[in-house]
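Protein chains in written order, with the working numbering: chain A, 206 to 318; chain B, 730 to 841. Everything on this sheet refers to the single structure shown next.
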C-alpha cells in the first residue's frame, strides 16, 4: 500500500499567523501533488496543485515540493478563521489508474480569532 | 452551475437493501472517478472511467458494488445488499486529461 501521511492535528494558529501543513508520501514514482480543503460535512475543494520541486504560490497559499525527501507542504499566510477546515494532501498513483488520487487522512486546522 | 453534481445528497437505507447513486460530471470531462470517505479518513479510490470504459477498480469495490457510465456522460454506482460498513460519503470527481480532479458534493449513505 502506497502511503500518504499527514499529522491529524488539530493544528491551532492565531488569526493572521502562518499555518504550515506537512505531508509525506512513499511512492517515489508519484508525479502530481495536490492540496484539498474540506469543510465539515462538505466535499473536498482543490486549492493547490504542484508538479515540480520548489515553491508554487497562489494568493495566500504556497505549496512546496521536495521529491528527494518525498515531502510536500502547504503554507497559509495571514490565516483567517474561515481557513479552519481539514486539509487533505493527495498524490496521484500511476497513469494506469488515470491519475487516481491517494489521499492522506487530513490535518485539521483551527484558526482562532 | 456547471460543476459536478450528485444525487441524492443523502440516503438512509436499511441493511440488505440496494441503493443507487448518480453522478453528472463537468461537461466534456471524459474521466470520472468514484471515491468513498468515512469519518476521519481521506477519500479512498473505488473506480475510474475514461469515457464509457471502466478502466480500474479498487480492491475496496467488492462484488456487491457495480458502477456504470453507459454513454460516457453520467455515471451510476450501485450497492447491493447494503451493510452497515457501507455507511460513508460517496464522492464523484471528474477531469479531462489533466491530473486535477474536481469533486461533486457527495452522497452521504447511512445504513441502519
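Ideal placement from N, C-alpha and C gives every residue a C-beta, glycine not left out.
Could you pull out every residue in the same chain whose Cβ sits closer than 7 Å to the Cβ of residue i, ignoring the five residues on either side in sequence?
i	result
residue 271 of chain A	258
residue 835 of chain B	735, 818, 819, 820
Can you give me the start and stop residues for the beta strand (DSSP E) that residue i sits inside?
i	result
residue 226 of chain A	224-230
residue 236 of chain A	Note, residue 236 of chain A: premise wrong, no beta strand (DSSP E); not H, not E.
residue 758 of chain B	Here residue 758 of chain B belongs to no beta strand (DSSP E), and DSSP marks it neither H nor E.
residue 736 of chain B	734-736
residue 817 of chain B	817-824
residue 268 of chain A	266-271
residue 740 of chain B	739-742
Please compile the residues from chain B whose C-beta is within a distance smaller than 7 Å of the C-beta of residue i.
i	result
residue 248 of chain A	820, 832, 833, 834, 835
residue 237 of chain A	828
Determine the DSSP secondary structure at residue i, reduced to helix, strand or coil.
i	result
residue 287 of chain A	helix
residue 259 of chain A	strand
residue 813 of chain B	helix
residue 315 of chain A	strand
residue 249 of chain A	coil
residue 827 of chain B	coil
residue 243 of chain A	strand
residue 307 of chain A	strand
residue 751 of chain B	strand
residue 787 of chain B	coil
residue 293 of chain A	strand
I'd like to know whether the C-beta of residue i is nearer than 8 Å to at least one C-beta of chain A.
i	result
residue 809 of chain B	no
residue 814 of chain B	no
residue 750 of chain B	no
residue 774 of chain B	yes
residue 770 of chain B	yes
residue 784 of chain B	yes
residue 797 of chain B	no
residue 746 of chain B	no
Which chain B residues are close to residue i, counting only those with a beta carbon under 8 Å from its beta carbon?
i	result
residue 216 of chain A	Result: empty, since nearest Cβ-Cβ is about 16 Å, beyond 8 Å.
residue 231 of chain A	In chain order: nothing, as chain B lies at least about 15 Å away.
residue 270 of chain A	Ordered by position in chain B, no residue passes the 8 Å Cβ test against residue 270 of chain A, which lies about 14 Å from the chain.
Against residue i, what residues of chain A qualify as contacts under a CB-to-CB distance less than 7 Å, listed in chain order?
i	result
residue 760 of chain B	303
Can you pull the chain B neighbours of residue i, defined as C-beta to C-beta under 9 Å?
i	result
residue 311 of chain A	769, 770, 771
residue 251 of chain A	829, 830, 831, 832
residue 293 of chain A	771, 772
I want to see whether chain B comes within less than 8 Å of residue i, judged by CB atoms only; does it?
i	result
residue 308 of chain A	yes
residue 297 of chain A	yes
residue 254 of chain A	yes
Report yes if the C-beta of residue i is less than 7 Å from at least one heavy atom of the ligand NAP; otherwise report no.
i	result
residue 314 of chain A	Of ligands this structure carries none, so the ligand NAP is not represented either.
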